[in-house]
Amino acid sequence: MTHAFRLAAILLSLGSGALAPARAAEGCDALTARMIRATGASLAGREGTRAVFRAADAERMSLDCGAPRRMVFTALAREPARPFYGLIGLAAEALTGAKSEAAETLALALHQDALLTGRPQQGVAGRAALRCEAAPDADPFATPRTRCILAPSTRPSRRTGLFGSARPG
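For what it's worth, our numbering labels the leading residue of the sequence shown as 27, then goes sequentially.
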């Protein structure tokens, strides 16, 4: 009886371990669908916990459903048009529940500060943490020229240490 019990316990643990990736994939499917509805982007590809989207206002938009969830937006332009930041705002609302206008405004301000300082800038708008950077003006061949990272945050202030060891600019 003891051996049968041990075998059953082993089989149950193996089965529940196999279910974890399936649950994660289901959660990522739902989040991917939410991003498509919120931003109007189309799915370009998906593998595991990552999805890549096509959007008219961003060169690349990718979602990482793993913990912590985050999205990366890139543009070839060093100074992307305003709709690029609007896309970030829409995604911030869908991913974190932050107000889209606040996240859009913060993304634009962080990017402008990154252009001025030459250093990545980070901040928080509601429940959305953002980090934006711009390629140096001296390197016209650097791609992407603009990158913003969106992640959930619980920090209330606009400019605080959000991304581990990265320092605010």
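Here a beta-carbon is modelled for each residue, glycine too, at the ideal position from N, C-alpha and C.
Element boundaries [beta strand (DSSP E), containing residue i]
i       : result
Ala-70  : 68-73
Ala-151 : 147-151
Paired residues, beta bridge with residue i - DSSP
i       : result
Leu-89  : Ala-77, Met-97
Arg-173 : Thr-100, Glu-159
Ala-154 : Ala-151, Pro-178
Ala-128 : The partner list for Ala-128 (beta bridge, DSSP) is empty, contrary to what the question assumes.
Ala-84  : Ala-81
Neighbourhood of residue i by C-beta, 6 Å cutoff - its chain only, sequence neighbours within 5 removed
i       : result
Pro-94  : Ala-177
Gly-106 : The residue you asked about is not Gly; residue 106 is Pro in the sequence shown. The residues are Thr-172.
Ala-77  : Thr-58, Leu-89
Asp-83  : Pro-109, Phe-110, Leu-113
Arg-60  : Ala-120
Sequence-distant residues of its chain with Cβ nearer than 7 Å to residue i (five each side left out)
i       : result
Glu-85  : Thr-100, Ala-101, Leu-102, Pro-170
Ser-179 : Val-150, Arg-153, Ala-154, Ala-155, Leu-188
Pro-47  : Here Pro-47 scores only 46 on pLDDT, less than 50, and its place in the model is too uncertain to base an answer on.
Glu-73  : none
Arg-96  : Asp-90, Ile-175, Leu-176, Ala-177
Beta-carbon contacts of residue i that lie in its chain and below 8 Å, excluding the five residues immediately before and after
i       : result
Ala-140 : Pro-146, Gln-147, Cys-158, Glu-159, Ala-160, Gly-195
Thr-65  : Phe-79, Ala-81, Met-87, Leu-113, Leu-116, Ala-117, Ala-120
Cys-91  : Ala-50, Gly-53, Cys-54, Leu-57, Thr-58, Thr-75, Arg-76, Ala-77
Leu-136 : Gln-147, Gln-148, Gly-149, Leu-156, Arg-157, Cys-158, Cys-174
Leu-134 : Arg-108, Tyr-111
Phe-167 : none
Chain C contact for residue i (CB, 9 Å cutoff)
i       : result
Gly-149 : This model lacks chain C altogether, as it is built from one protein chain only.
Exposure label - residue i; buried when at least 16 CB within 10 Å
i       : result
Gly-115 : buried
Leu-142 : exposed
Ala-70  : exposed
Glu-130 : buried
Ala-67  : buried
Opening and closing residue of the alpha helix (DSSP H) in which residue i lies
i       : result
Pro-109 : 108-122
>> I'd like to know if the region 118-132 and the region 147-155 are in contact, where contact means that at least 3 CB-CB pairs between them fall below 8 Å.
In response: Touching, per the Cβ criterion.
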